[in-house]
Structure formats: C-alpha cells, structure tokens
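First the structure, in the form of structure tokens, and then the observations on it.
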Amino acid sequence: MRTKEDRIFQTIGSTIMIIMTLLALVPIALMMISSLTDNATLLKNGYSFFPGKWSLYAYTWIFQSNGATVIKAYGMSFIITIMGTICSLFLTTTLAYGLSRKGLPLRGILTFLVFFTMLFNGGLVPTYINYTTIFHVKDTIWGLLVPGLMMNAFNVLLMKSYFTASVPDEILEAAYIDGAGEVRTMCSVALPMAKPIIATIAMFAGLGYWNDWNNGYIYIVKHTELFTIQNLLNRLMQNIQALAQNSSNLSSAQQGLAQIPSTTVRMAMATLGILPVIAVYPFIQKNFVKGITLGGVKG
Amino acid sequence: MNTMMKKAGAVTAPAHKMNGKRIRRFIPVYLIMLPGLIYLFINNYMPMPGLIVAFKQYNIKKGIYGSDWIGFKNFEYLFKTSDAFVITRNTILYNVAFIIVNTFMAIMVAIILSELYGKAKNFYQSAILLPNLISTVIIGYLVFAFFSVENGFINNTILPLFNKDSVDWYSKSQYWPFIIIFVSAWKSVGYNCIIYLSSIMGIDRSIYESASIDGASKMQQIRYLTLPLLKPTIIMLTLMAIGRIFYSDFGLFYQVPMNQGALYATTNTIDTYVYRGLIQIGNISMSAAAGVYQSVVGFVLVLLANLAVRKFDKENALI
Amino acid sequence: MRMKRLLAIGMAAGMMISTAACGSSAAGTTGTAAGTTGATESATTGTSATTAASDGKITHLVMAFPTFTGAPADTAKVQDAMNEILRKKIGVEVELQISDLASYKQNMTLALSSGEQIDIMNTIMQDYATLIAQGSLTDLEADNLMQTDGPGIVSTIGQDYVDACRVDGKLYALPGMRDYAQGKGCIAVGTEYLDAIGYKEPEGSGEIVKITEDELNDILAKLHTQFPDMEVMRPATSGVSQYTNLDFLGGNIFGVLENYGQDLKVVDAFQTDEYKNFCKLMYSWNQNGYISKDATTDTTSVGTLEAAGTLIAYQTGGKPGSKAQESSGGNRDMTIFQTKDDYMSSSSVASFMWTIPSTTVDATAAMKLMNELYTDPGIENLLIYGIKDTNYTVKDGLAETIKDESGTAAYSTLGWMAPNQFLSYVGSGNSADLWDQIKSFNDNAKKSSALGFSFDGTGVTTELAAVQAVYDEYQKSLEYGFADPDTTIAEMDKKMMDAGLQKIIDAKQEQLDAWAAAKQSN
Numbered sequence: 018m019r020t021k022e023d024r025i026f027q028t029i030g031s032t033i034m035i036i037m038t039l040l041a042l043v044p045i046a047l048m049m050i051s052s053l054t055d056n057a058t059l060l061k062n063g064y065s066f067f068p069g070k071w072s073l074y075a076y077t078w079i080f081q082s083n084g085a086t087v088i089k090a091y092g093m094s095f096i097i098t099i100m101g102t103i104c105s106l107f108l109t110t111t112l113a114y115g116l117s118r119k120g121l122p123l124r125g126i127l128t129f130l131v132f133f134t135m136l137f138n139g140g141l142v143p144t145y146i147n148y149t150t151i152f153h154v155k156d157t158i159w160g161l162l163v164p165g166l167m168m169n170a171f172n173v174l175l176m177k178s179y180f181t182a183s184v185p186d187e188i189l190e191a192a193y194i195d196g197a198g199e200v201r202t203m204c205s206v207a208l209p210m211a212k213p214i215i216a217t218i219a220m221f222a223g224l225g226y227w228n229d230w231n232n233g234y235i236y237i238v239k240h241t242e243l244f245t246i247q248n249l250l251n252r253l254m255q256n257i258q259a260l261a262q263n264s265s266n267l268s269s270a271q272q273g274l275a276q277i278p279s280t281t282v283r284m285a286m287a288t289l290g291i292l293p294v295i296a297v298y299p300f301i302q303k304n305f306v307k308g309i310t311l312g313g314v315k316g
Numbered sequence: 006m007n008t009m010m011k012k013a014g015a016v017t018a019p020a021h022k023m024n025g026k027r028i029r030r031f032i033p034v035y036l037i038m039l040p041g042l043i044y045l046f047i048n049n050y051m052p053m054p055g056l057i058v059a060f061k062q063y064n065i066k067k068g069i070y071g072s073d074w075i076g077f078k079n080f081e082y083l084f085k086t087s088d089a090f091v092i093t094r095n096t097i098l099y100n101v102a103f104i105i106v107n108t109f110m111a112i113m114v115a116i117i118l119s120e121l122y123g124k125a126k127n128f129y130q131s132a133i134l135l136p137n138l139i140s141t142v143i144i145g146y147l148v149f150a151f152f153s154v155e156n157g158f159i160n161n162t163i164l165p166l167f168n169k170d171s172v173d174w175y176s177k178s179q180y181w182p183f184i185i186i187f188v189s190a191w192k193s194v195g196y197n198c199i200i201y202l203s204s205i206m207g208i209d210r211s212i213y214e215s216a217s218i219d220g221a222s223k224m225q226q227i228r229y230l231t232l233p234l235l236k237p238t239i240i241m242l243t244l245m246a247i248g249r250i251f252y253s254d255f256g257l258f259y260q261v262p263m264n265q266g267a268l269y270a271t272t273n274t275i276d277t278y279v280y281r282g283l284i285q286i287g288n289i290s291m292s293a294a295a296g297v298y299q300s301v302v303g304f305v306l307v308l309l310a311n312l313a314v315r316k317f318d319k320e321n322a323l324i
Numbered sequence: 002m003r004m005k006r007l008l009a010i011g012m013a014a015g016m017m018i019s020t021a022a023c024g025s026s027a028a029g030t031t032g033t034a035a036g037t038t039g040a041t042e043s044a045t046t047g048t049s050a051t052t053a054a055s056d057g058k059i060t061h062l063v064m065a066f067p068t069f070t071g072a073p074a075d076t077a078k079v080q081d082a083m084n085e086i087l088r089k090k091i092g093v094e095v096e097l098q099i100s101d102l103a104s105y106k107q108n109m110t111l112a113l114s115s116g117e118q119i120d121i122m123n124t125i126m127q128d129y130a131t132l133i134a135q136g137s138l139t140d141l142e143a144d145n146l147m148q149t150d151g152p153g154i155v156s157t158i159g160q161d162y163v164d165a166c167r168v169d170g171k172l173y174a175l176p177g178m179r180d181y182a183q184g185k186g187c188i189a190v191g192t193e194y195l196d197a198i199g200y201k202e203p204e205g206s207g208e209i210v211k212i213t214e215d216e217l218n219d220i221l222a223k224l225h226t227q228f229p230d231m232e233v234m235r236p237a238t239s240g241v242s243q244y245t246n247l248d249f250l251g252g253n254i255f256g257v258l259e260n261y262g263q264d265l266k267v268v269d270a271f272q273t274d275e276y277k278n279f280c281k282l283m284y285s286w287n288q289n290g291y292i293s294k295d296a297t298t299d300t301t302s303v304g305t306l307e308a309a310g311t312l313i314a315y316q317t318g319g320k321p322g323s324k325a326q327e328s329s330g331g332n333r334d335m336t337i338f339q340t341k342d343d344y345m346s347s348s349s350v351a352s353f354m355w356t357i358p359s360t361t362v363d364a365t366a367a368m369k370l371m372n373e374l375y376t377d378p379g380i381e382n383l384l385i386y387g388i389k390d391t392n393y394t395v396k397d398g399l400a401e402t403i404k405d406e407s408g409t410a411a412y413s414t415l416g417w418m419a420p421n422q423f424l425s426y427v428g429s430g431n432s433a434d435l436w437d438q439i440k441s442f443n444d445n446a447k448k449s450s451a452l453g454f455s456f457d458g459t460g461v462t463t464e465l466a467a468v469q470a471v472y473d474e475y476q477k478s479l480e481y482g483f484a485d486p487d488t489t490i491a492e493m494d495k496k497m498m499d500a501g502l503q504k505i506i507d508a509k510q511e512q513l514d515a516w517a518a519a520k521q522s523n
C-alpha cells in the first residue's frame, strides 16, 4: 500500500540519513587515513584524504613498543565492558522496576533520592577517599567497574518511565492475583514487555564502560596491566597537554613532547579504540532488532 | 492502552494507604530494589557530605571535616571576575541551544529510522553512532584538520571553490558557536536517537494502521500519534537537561577549540573557567565550590521547571 | 503531596548528616593518623640511626615521581637492584611509583588527600606553597631529622641552595642537583640552514654562540628569504620567562622583578618596557612571516618539527649541554644563539624539589633514603639509567641508554629531576665534564636578589584564578605576535587590574619585604 506520500517520505528520509551518515563517516575516515600517513608528510602538508606518503609506522610502533600493552588493554576493555554491562543492567533494571510499581510505599521519596544524585555529586576527592580508604578498590579491577558507571540515575529514571508507560500495572496486578510472586511477575511478565528499553540501557551502559578512561586514570596507578585502551590513549593526550601548558616551568617540556608518540600514532590509537565497536555493533544490533520488534510491520 | 485495560474491568490496587499490610505486600519489591539502592548509597550518598569542603580551608592533616570554615570565600573567584557574566551566559545559552537542536535532531532521526524500509537503516544507525565513541581530544584534531589556517580542508579546498580568502578560524570567536553546536549534534545524535527509537518501537503498530485506514497521511500520523506518545520521554529528558544547565561538556569546550585564548568570548564556560583558573593553584576547596554552585542552580531550576510541568501535565512531571 | 515532598527532602538531609558522622571518622582519622605516626617515630627512633641496619627490620617506603611517559618496563628489576643495596645499607626497601606527567599531578593530589603512604615525593606539577598550606609536607628539620639522618645532604647541595627552598624559615623540600641558571634569550637554529645562508660562527664561540639581537634579526631575515616556504620560528608559552630579563617572582608572571631581579621592587610585568619590547619583537617576526599561522594551536614538539624538516628555529633555554640536547631532539645539528645573560631566577632553585610528605610511615627511614639518593652514585645510576649492560652501556665514560626498534627504552628516567644527577654518568653526546660545566655555569650566572623567596598565594587565590583567566585569553595572541602590542597590552592590563592584579603585586611586595628583613637580621 505504498502511497505517493509514502514514497516521497522514503526518498527524503533516505536522503537525510545518507547525508548524516556521510557527515559521520567522513571525519572518521580522515582519522583512519591519517593514522596510515607518514608522519613527516602529515606535519608538512597537514591532514589530507590523499596523503603524499602512506606508512604503517604508527601501527608497527604501537604493537612493537607497547606491543603487549595495547593488546592487553583491548582485552581489559572487553572484559570491563561485558562484566560492567551485565552488572549495570541488573542493578538498573531491578531498581527501575521497583520504582515503577504504582502502589509502592515511599515511591516518591525514593524516586527523588535517585534523581537527586543527578544534580549533586560529592566531588572528586570525597569520592576517591570513599572508594580507596573504605572500599579499597585502588589498583584493582573493581576500581574500573564500580565507581560511577555501574548504575546512574539517568538510566534508572529512563527505564522507570518506560516501565510506567508501557507495562500496565493492571497486568502485574493480574499476575499477583493469579498467585505469582514479585520476582516471577517481574521476570515473566514485565521484562519481556520491556525488551526495547533493556536493549537501550544495555547499549548505554556498554558504551559508557567502553568509552570510560576516567576510572582508570584515577584509580589505577601501579597495576598498569589494568589500563583499558581508551585510558591509554587519553593518558597520552593528557600528557601532551600537561607538557604544552607547563612549558614555561619545564624547560625540557619539548623533550617530553618529542617522546610522546606522534600524531599518527594518536590517530592509530583512536582508530583502534573504535574498531572493535564497529566490528561488534552490527552484530549486536541485529539481535536487538530481532528482540525488539513486536510484530514489526515495517522492514 | 491503559484506558483499554481499565475499561476491561481489571482490578487496580487501592492507592495511598500506608498500612502494615501494604508494606508487607511490597517487601519482595523492596528486596528486588535493594542491590540498586545499596549501590546508590555507596556510590552517591556516602561521598556526598564531602561537599562541605567547598566551605572550608582545606588542610590535609585535618582532613575534610576537621578543616576550618571560611564560609563563601571559596566561591568568590566565580563572581569577582569580569568573565563571570560571559561564562554564565555561554554555559546557559549553549545548553539551551543543545536542548533544542539535539532533541529536534534526535527525534527526527528516530522517526525516519523507524519508518524506513530496507536493511540500509541498520547501517545508517550504526554509522551515526560512531562519532560518540571518539574522545573529544581526537575530535579536536579532526576539527583542526578542517579548520587549520595553513593546511585545513576548508581554507585549502572549500573556500577557494567559492573564491573566498582564507579565514583565521582559531582567532575569530564569532564562528565558534556554530561549530560547537554542530559538533555537539554530530557527536550525540546517534546516541540520543536510541532513546526515542526505543520509545517508538514500543508503540503498538495497530494504532497507525487504524489511523491509516481512517485516511490520515504519514505526516499527520507523526504529528498526532507519534509525537504525543513521545511527549513523556521528551519532557523527562528536557527536565534532566535543565538540571544540568550549569554544566558543560568539558571536552567540547576545551579540546575542540584547542584551548585558544582568542576564542574565549564564545567558548569559555563555567567548567573551563574553573579548570583554567585552578590548574596552577590546585585548590581543592575552590573547585568543590564551583561544583556546589553548579549543582544548586541546576537543582533550583529543575524544581521550578518541574512545578511548571506539573501545572500543565501532572502525569509527566519528574517528581 | 506536599507532605511527601517535605518528607523526601527531610530524609535526604538526615541521610547526609548520618553519613557525615561515619564519613568523618574514616576520612579525618586516616589523615591525622599518618601525620602523628611520622612525628612520634622520628622522635623515638632518632637516636637509633646507626643501628637501623642491624636490627633486621626492613621498612617499606614509597617513592613517587613522574617521567614523561609513565613507568618504564624494567621498573621492577631496577627496584630490586636498588633494594639489594638499600636493605643492607639502611634497612629500607623502596617501591618506585612512577607515573606519567599529567596523571602524576592528579594521583598525588588524591593520594595525599586520602592519606595514602607516600614517603618521598617530587613537587613537580604541584604548587609548593599550596602543598605547605594544606599541610602535605613534613618539616625536614623537625627534631633535627635532617641533621641526624641526612648528614650528607647539605654538604652535597650547598647551604645557599638549600636555603633557597625555605618558606618562613622552615625547610620543607630539597632541590635536585641540576642547572638552576638559564641562558636567557636563546634561539636554536638548524645548522644546515645557517650554512645555506652562508653564516659562519665567530672563532672560539664555544657551545653557545653569543650574538646581539640585531645580528639575530638579521640572520632570521636571511633565513626567511632563503626558505620562504618554511616556518622560520616557533614561539613557546615559555617565551617571556626564557627571553626577557624579568624575574617571575613566586613562579608566576603576576608581579615580577625587573632587570634580572637586581632590585626588590615588585612591578606589573605588563607595564614594563621589557615585556612591551618582547611582544613588539614577536609581532615584527610574525608580520615578517617567520611564524606559522597554526603556531597557537599546534602542540607538536619543536624537535619533531625540526626532524621532519618543517621548522628552522625555535626559542629555548640555554645551558651547558643544550647543543647536544637540541641536536638529538631535532635529529640534526643545531646551533644555539644567546642574546641575553645567564641568569638564576628567584624561583628556579625551588622547582621540582624532593620532599617527605606528611603521609609517610617513617620519616626517619625516608630521610635516610633521601641521604642515599643524594650521596650514593650506585643508587643514582640505578635510578636514572637502570641496570648496567641491561638498560644502558658505558662508552668512554658516557652512558648510552639501550633502546629497542621502536625507540623505546626499557628503563630511563629524567636525570634533571633526580636528587643528584651529578653522581651519575654523563649521557652520551655530551662532553665528559658536563657536570663541572653546569656547576660553574650555576656559580657564575647572575643571581636574583630574591633567590630563595617563596610566595604564599593563599590570601589571594581568588585574584590569582581571575588574572590567570585573563592571561590565558591574551597570552598566545600577544606573545606569539598575532596581536598588535600597542593596543592589546593595555587592554589586557586593564582587565587584569580589574581582576585584582594590584592586590597580588602588593601581597608579593609585602612578603618580599618581610623576607628581606628577616634575611638581613640573620
């Protein structure tokens, strides 16, 4: 039943998406091309889509010198992302489900307490003191997993609002009347209806863990094998900035800058940082779409 | 959907009676929520009292709680500067622009993606998500690749096409609001549209079919069905954004303009000002004071916005 | 509904207060516990200095400092080698906590705030006055700590240089042995470019060629004509401190001494002729086309640019060994020109100092370790170069670090930061008597009259943050020559005055006068 309007919509919509895709991919292509450019050429001519000279130097440097470090960092990133996403989904879903139950006593207060954490934060030093002196997560894998990322108010409230809007209380009450316990109700009634939001939160949590370099920066000092790949890259960047800023105090700042891997290496590390996601994401997305579409008509 | 169920006569639980029976009935729910609540307490509430360091002269030997009170002195540097107006104005205006532009873009993309036929839409969605994975430092380099004065793509390739002269992009602050808003949308549209997309996916297809049978055009369907059903999500996300209105994405305002002093007029925000001012001095209490300032303002604004929403649309208020 | 809201807020408040109670005991006491342990230990064990090795107890200490890129691969091996010596000698074993430069700052702030054990720490990337004001450092002379357990230190460094690190008469840190003076007004130029314009060094110039500013301008003009497509000069943010005779009192440009710090009058740097002339010079160089338009945004190191053949010259600080250093960095022979005098500024000694933080577990043991670091050549070589024949080789008395195919060394730290690099081998590429050259360079340089003065900025933190913001806005455009100094300097100065610059200047003058008076009476 394709009306003319339908076809116009499809054409315009596709055009818009193609433009946006190009806008998204062109700079990324530039990043990848510059990681394969000869460093001296890059310095002379600047960034270009058609570099005068190609070179694999950046990648050989990474795998040679740091070698095991980069591969280990990859492994670390994957482990953290998978473990973290699972834990995060568990905490977020259980709390959001509970908060969405309309009859829950103290529901408003608990929701407010969750929301309050979005606005007020103890600050870096108190959080650090909390996690290192009381919970001893410094230089451990928990320092990467637990602080900040495992559950945040944004995800909880998002999920709660979805539960409230799309999982009618009446269905849950009906299950309760039928004799099902809360846990059974949640697992067999509510969660299947909430697949889209669960997939969404899993994606957000996963991306959050993959992109995070802050936890590693603060909590990992001695056990450098716990560095994730984004952490490695951002350390480089921070060092460059520190040296550039402090060159008036550090007369040898220029030596330092020279020791830090060159621009092409930084581009290569950034490319390495997104490659796994590019590789894995379509696969995840296919499965999400399968689980998400409820009697999908379109597509 | 809710109304349909109500009409079918399903039982609804009695509301707002805090007697022992109700609490006992909900104990399993409390237990389900317990892990999340414990994490919330450990992660967010245990460090929160540390905020009072903003009001103290921090001394390491005395610790946060033993240090001396100095009232609001740590807050002075935020106001006693000729930049105070500029950084506040920049932060607020950019955030308002982000709310409007990013919401519009995300909804538009979500609607288009949900309506497109064919396998290509999965590719589109993956592609527009990629910019979100790149750290803002690298984005800064990529922007530099385009806007560099000597070698940049724009000065060397694009402007000559229109017979225009090179522009000193990194010393002219008037262009940067556009650049920053564009970069912000570029980075976040893929991420933001996921929320709206999943909301749209959760809408029962049958209402579209019945509307279509009734003769509604696609645009009408979007306007009268999709958008109203997205309203709760839009309101919630906007309220949350209002709560963060005094915060800014540090990477976006520091890294992307390459920390150029000449661009401060349009790229200096509260966060970058605090960072630049304190990086040499390293005073913990002063940076905590900035955090308190941003939090309190956001909190007040969100409560006010929430009150406003309650007046018009009680169901969708945040609290 | 209203009740519920109030109840929610009340509960939140109550929660905060109750957690404050348990929070305070944890955070507060960890801070004080570490502090008191250090003090009592030094009192009771002060007398057992000579018997420490024999009583069999090994104290585990943590030494924290950065390198440019973080902990080298062989850190554990080198640590073991150091401990072989240290355990027998002073009953101490050390753990080298090496970070990369940027995270070092963050890590130290957090570690000190939470009471983590750090026994020896370098003050680089941190503000000395803030550390003292926050109570992070141990007084090194409390209970005769340094006299008893660090007897070799003062004689090695020299009393004058030690005194240069005092604040209010108390000693909290020790300077490393290195070049404190700096040759001002230095430019490094690639030699092959000089050859191309037919420039010949005057006879008997020595390592650094001393010329006048006019001669330099002449050379640069010729270079630009000869190489119109190359970047002739790359400025740096350290330009004003390296290229003028202004003394950055207290380590920042807000309130300086003029004329190599010869008189003790604190003035506004931006109203001095020296600053105006510097900006005018940069402006003229920029207008002549010597400076790349991307100079303000590009963070690539000048060495990399030289090596790539895109840059001809850049500003640098001069010292014995500069030529070798810049040549190795730029991968080509560099000629160093100097247009101003050698100068030791008031804050040059009190930089990158070694301290014993207040979170140390045993100040006595830490001081003993400090003593070894300043007097034992074996320890020093291990610290800087690593293990002989594994991490470095010695040829003709000079040490050469062993690097792998990608140019990374398995172990190497920054010699200029080490407590006493003069005990270690001279690095290859330099002349064997480099340390002596540096010592006489230090002794013969002009010295600031304010040498040893430390500025306590805790009373003007608001103003410092505000003027820093103004300076950040204008610094590069002015000092890289992109803005016309005739109008812009006045504009910036007015903004700074509005932000409270005069208050900072007055505070500095007051503290300086008090310091000078106290010095007189000693």
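Residue numbers (my numbering), protein chains in the order written: chain Y, 18 to 316; chain V, 6 to 324; chain H, 2 to 523.
Don't be surprised by glycine CBs; every beta carbon is placed ideally from N, CA and C.
How big is the Cα-Cα spacing for residue 302 of chain V and residue 96 of chain V?
12 Å
Should residue 34 of chain H be labelled buried (16 or more other beta-carbon atoms within 10 Å of its own) or exposed?
Interpretation of residue 34 of chain H is limited by its pLDDT of 29, a score under 50 that renders its predicted location unreliable; the figure taken from the coordinates is listed afterwards. With fewer than 16 Cβ atoms within 10 Å of its Cβ, residue 34 of chain H is classed as exposed.
Using a Cβ cut-off of 9 Å, pull out every chain H residue sitting near residue 285 of chain V, in sequence order please.
128, 252, 253, 465, 466, 469
Does chain V have any CB closer than 7 Å to the CB of residue 140 of chain H?
no
Among the residues of its own chain, which have a CB less than 6 Å from the CB of residue 56 of chain Y, if the five just before and after it don't count?
279, 281
Comparing alpha-carbon positions, which option in H:245, H:517, H:320 lies nearest residue 1 of chain H?
Within the shown structure, residues of chain H are numbered from 2 to 523, placing residue 1 of chain H beyond reach of any answer.
From the DSSP output, in three-state form, read off residue 190 of chain H for me.
strand
From residue 76 of chain V to residue 290 of chain V, what distance separates their C-alpha atoms?
11 Å
Can you list, in chain order, the residues of its chain with a C-beta nearer than 7 Å to that of residue 211 of chain H? Leave out the 5 residues immediately preceding and following it.
339
When DSSP labels each residue in this structure, what does residue 192 of chain Y get in the three-state scheme?
helix
Per DSSP, what kind of secondary structure is residue 36 of chain H in: helix, strand or coil?
Any reading at residue 36 of chain H must be qualified, since the residue scores a pLDDT of 28, below 50, and its modelled position is unreliable; the value itself is stated next. Three-state result, residue 36 of chain H: helix.
To which residues of the same chain is residue 346 of chain H closer than 7 Å at the C-beta, ignoring the five residues directly before and after it?
248, 249, 262, 449
For residue 36 of chain Y and residue 166 of chain V, the rounded distance between their alpha carbons:
21 Å
Pick from V:56, V:125, V:41, V:205 that is closest to residue 112 of chain Y, judged by C-alpha positions
V:41
With 9 Å as the C-beta to C-beta threshold (strictly closer), list the residues of the segment 108-119 of chain H near chain Y in chain order.
108, 110, 111, 112, 114, 115, 116, 117
From the DSSP output, which residues share a beta bridge with residue 281 of chain H?
Looking at the DSSP assignment, residue 281 of chain H forms no beta bridge with any residue, so it has no partner.
Within the chosen definition, does the segment 110-130 of chain V reach the segment 25-32 of chain Y through at least 3 CB pairs nearer than 8 Å?
yes
Any Cβ of chain H within less than 7 Å of the Cβ of residue 281 of chain Y?
no
Name, please, each residue of chain H whose Cβ falls closer than 7 Å to the Cβ of residue 273 of chain Y.
69, 102
Can you tell me which of the three DSSP states residue 129 of chain V falls into?
helix
Integer Cβ distance of residue 271 of chain H from residue 505 of chain H, believed to fall under 8 Å
Contact doesn't hold; Cβ gap of about 12 Å is too wide.
In the segment 103-144 of chain H, which residue ranges form an unbroken beta strand (DSSP E) of at least 3 residues, counting only runs that do not cross its ends?
121-123
Cutoff 8 Å; reference residue 41 of chain H; Cβ partners in own chain excluding five residues on either side:
A caution first: residue 41 of chain H carries a pLDDT of 32, below 50, which makes its placement in the model unreliable, though a value can still be read off. Here the set comprises nothing.
Contact criterion: CB-CB distance below 7 Å. Does residue 136 of chain H meet it with respect to chain V?
yes
Here's a check: name, in chain order, each residue in its chain whose Cβ is nearer than 8 Å to the Cβ of residue 91 of chain V, leaving out the five neighbours to either side.
269, 270, 273
Identify which residue in Y:20, Y:128, Y:34, Y:21 has its Cα closest to the Cα of residue 198 of chain V.
Y:34
Under 7 Å between C-beta atoms of residue 102 of chain Y and residue 259 of chain Y
no
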